[in-house]
Amino acid sequence: MGKRQVVIIGGGASGMAAAIAAARQGARVTVLEHKDTLGKKILSTGNGRCNLTNLYQDPGCYRCSQPGFVQQVTGHFPVADTLKFFEGLGILTRDRNGYVYPFSEQASAVLDALVLELKALGVRVETGCSVRKTGRQEPFRKPEQAERREPSRNPAAGGFRVETDRSCFRADALVLAAGSKAAPATGSDGSGYELAERLGHRIIPPLPALVQLHCAGKIFKQVAGVRCQAQVTVRADGKALAEDTGELQLTDYGISGIPTFQVSRFASRALEQGKKVEAVVDFFPSWDKRELEGWMDARRKQFPYRKAGELMNGVLHKKLSAGLLREAGITLDRQVEEIPEGSWRRFDGSLKAFRVTVTKTSSFDKAQVCCGGIDTREVNGDTMESRLVPGLYLAGEILDVDGICGGYNLQWAWSSGYVAGRHAGGGV
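The sequence shown begins at 2 in my numbering and counts up by one.
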């Protein structure tokens, strides 16, 4: 009997992990990648340094419509296995407060290590190769079975036929790791969703995640370029959905930066559902409202002779202070002591809860990942095999799983890819 044939659609992080795992099981593996090189998205991760994973793992670091699914999968290939995997590829790592990077801090080194292992294992790689169609092949049946139209005892016996713009490939097992729609320039153009749908899977509408938020208001033209520590809370129809604290970036269209990215997937989904979405920014997250108001009262008493535009010097960025003062109806060149108490209270309130309407997210081109994808209820979390199509395995961003910033999306790629490849290759 010949070697088990495994075809993997997608040559990104999860696809390469799957290919290595399947080949280590002794399977004959072919990777089909429609870009001209493998792993383009890896090169952009961690600002070119590749945040491989994170030592801190908590269910809240991943978002999925099926509770417990991610933990089920990562339990079969946890962070410790990821570190051992890359150590075996010759990658020495360094830990920066739980964030794990290659010691060289070069994403290209990670990609090179993966490609070198594919070569060492004899994995066939076809780049610049677009998949046109996938489907099941009819299993071989004896003539008497065919006459009686008896089904095969092994529903996966016929395997799969994969048609590309070059040729056709036969597979005993098929791994679909074609990515999402985020950052299409790196290869994630959403084509995998159509392939999954044709095979019978349900797609939860993919939307941009880890992405910027566009907000209404003239203030953003005034404060563009400001960076500051703040807490961002996303609310939909008055209900708080998520919050995060970190360095906020103010732009001419709205808000960006890590805390914005962390909560953006909730804004995406709420906007898609037609809800009214707000972002509430707290510029003093470590102080409670009463404490801040008391401090502001003392500051105004300390500097009653200053102009309003000068009051927050050394506290807030000058452009941000000016913008918030104007929003409160305060003229910048008036003396502090001349301004009514009500106007100051409005200003104080905006320091703790500056509310803006979110009109949209940036496009898929700007998104790091997507929320949505293949419904994970249709996937076996122990093997990554489809519950609908025996012999079909699913991995990576094509599934309805997205992580926060900090190495979590790559950990999902390594875990889901390796588990899928190990079982597709015939392992247990």
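For every residue, glycine included, the Cβ atom is placed at its ideal position computed from N, Cα and C.
Here the structure is a predicted model, which means the values were calculated and not measured.
* In the structure shown, what three-state DSSP assignment does R388 receive? -> Shown here, R388 sits in coil according to DSSP, grouped into three states, outside any helix or strand.
* Asked: If we call anything under 8 angstroms between Cβ atoms a contact, is A81 one with I92?
  -> no
* Proximity to V116 [Cα-Cα], best of L90, G239, A231 -> With respect to the C-alpha of V116, the residue from L90, G239, A231 having the closest C-alpha is L90.
* Asked: Is it the case that the Cβ atoms of A20 and V32 are separated by a distance below 8 angstroms?
  -> yes
* Asked: What do you get for C406, buried or exposed, if any count of 16 or more other CB atoms within 10 angstroms of its CB means buried?
  -> buried
* Take G428 and list the residues in its own chain whose beta-carbon comes closer than 7 angstroms to its own, dropping the five residues that flank it on each side. => Q26
* In terms of alpha-carbon separation, which member of I205, A323, G392, Q73 lies closest to D376? -> Checking every option, the nearest Cα to that of D376 belongs to I205.
* Helix or strand or just coil, what does DSSP make of G255? -> Under the three-state reduction of DSSP output, G255 falls in the strand class.
* **Span of the alpha helix (DSSP H), counted from its first residue to its last, around V116** => 108-121
* Can you check whether the CB of F365 is closer than 8 angstroms to the CB of K182? -> yes
* Asked: Is A309 helix, strand or coil when you go by DSSP?
  -> Residue state, collapsed to three classes: helix.
* Asked: In its own chain, which residues sit with a C-beta less than 6 angstroms from the C-beta of A157, not counting the 5 before and 5 after it?
  -> Because the pLDDT of A157 is 49, which lies under 50, any placement of that residue in the model is unreliable, and the question is left without a value.
* Grab me the residues of F170's own chain with a C-beta within less than 7 angstroms of its C-beta, minus the 5 sequence neighbours each way, in chain order. => V8, T31, V163
* To do: Grab me the residues of I1's own chain with a C-beta within less than 7 angstroms of its C-beta, minus the 5 sequence neighbours each way, in chain order.
  => This structure gives no information on residue 1, because the portion of the chain shown stretches from 2 to 429.
* Extent of the continuous beta strand (DSSP E) to which V505 belongs -> There is no way to answer for residue 505, as the model of the chain reaches only from 2 to 429.
* Mark E148 as exposed unless 16 or more other C-beta atoms lie within 10 angstroms of its C-beta, in which case mark it buried. => Per-residue confidence for E148 stands at a pLDDT of 43, beneath the threshold of 50, marking its modelled position as unreliable; the derived number appears in the next sentence. With fewer than 16 other Cβ atoms within 10 Å, it is exposed.
* Asked: Start and end of the alpha helix (DSSP H) containing F41?
  -> Just to set this straight, residue 41 is Lys in the shown sequence, not Phe. Here K41 belongs to no alpha helix (DSSP H), and DSSP marks it neither H nor E.
* Cβ-based neighbour list, R301, same chain, cut-off 6 angstroms, excluding 5 preceding and 5 following -> Within the same chain, R301 has close Cβ partners V337.
* In whole angstroms, what is the alpha-carbon distance linking H35 and T128? -> Taking the straight line from one Cα to the other gives about 6 angstroms.
* To the nearest angstrom, how far is it from the Cα of P144 to the Cα of A22? -> Caution applies to P144, whose pLDDT of 43 falls short of 50 and renders its modelled position unreliable; the model cannot decide the point.
* From L326 to V101, what distance separates their C-alpha atoms? -> 42 angstroms
* For E197, does the three-state DSSP call read helix, strand or coil? -> Per the sequence shown, residue 197 should be read as Ala rather than Glu. Looking at A197 - three-state DSSP - the assignment turns out to be helix.
* F262 - DSSP class collapsed to helix/strand/coil -> helix
* Determine the burial state of H424: buried for a count of at least 16 other Cβ atoms within 10 Å of its Cβ, exposed for fewer. => buried
* Per the contact definition of three or more C-beta pairs closer than 8 angstroms, is the stretch 270-280 in contact with the stretch 203-217? -> yes
* To do: Answer yes or no: do S265 and T362 have a C-beta to C-beta separation smaller than 8 angstroms?
  => Yes, they are a contact pair.
* Length of the line joining the Cα atoms of L272 and A414 -> 27 angstroms
* Helix, strand or coil for P209, going by three-state DSSP, please let me know. => Looking at P209 - three-state DSSP - the assignment turns out to be strand.
* Asked: Does the beta-carbon of D401 have 16 or more other beta-carbons within 10 angstroms, so that it is buried, or is it exposed?
  -> buried
* Using beta-carbon positions only, say whether T75 and L53 come within less than 8 angstroms of one another. => no
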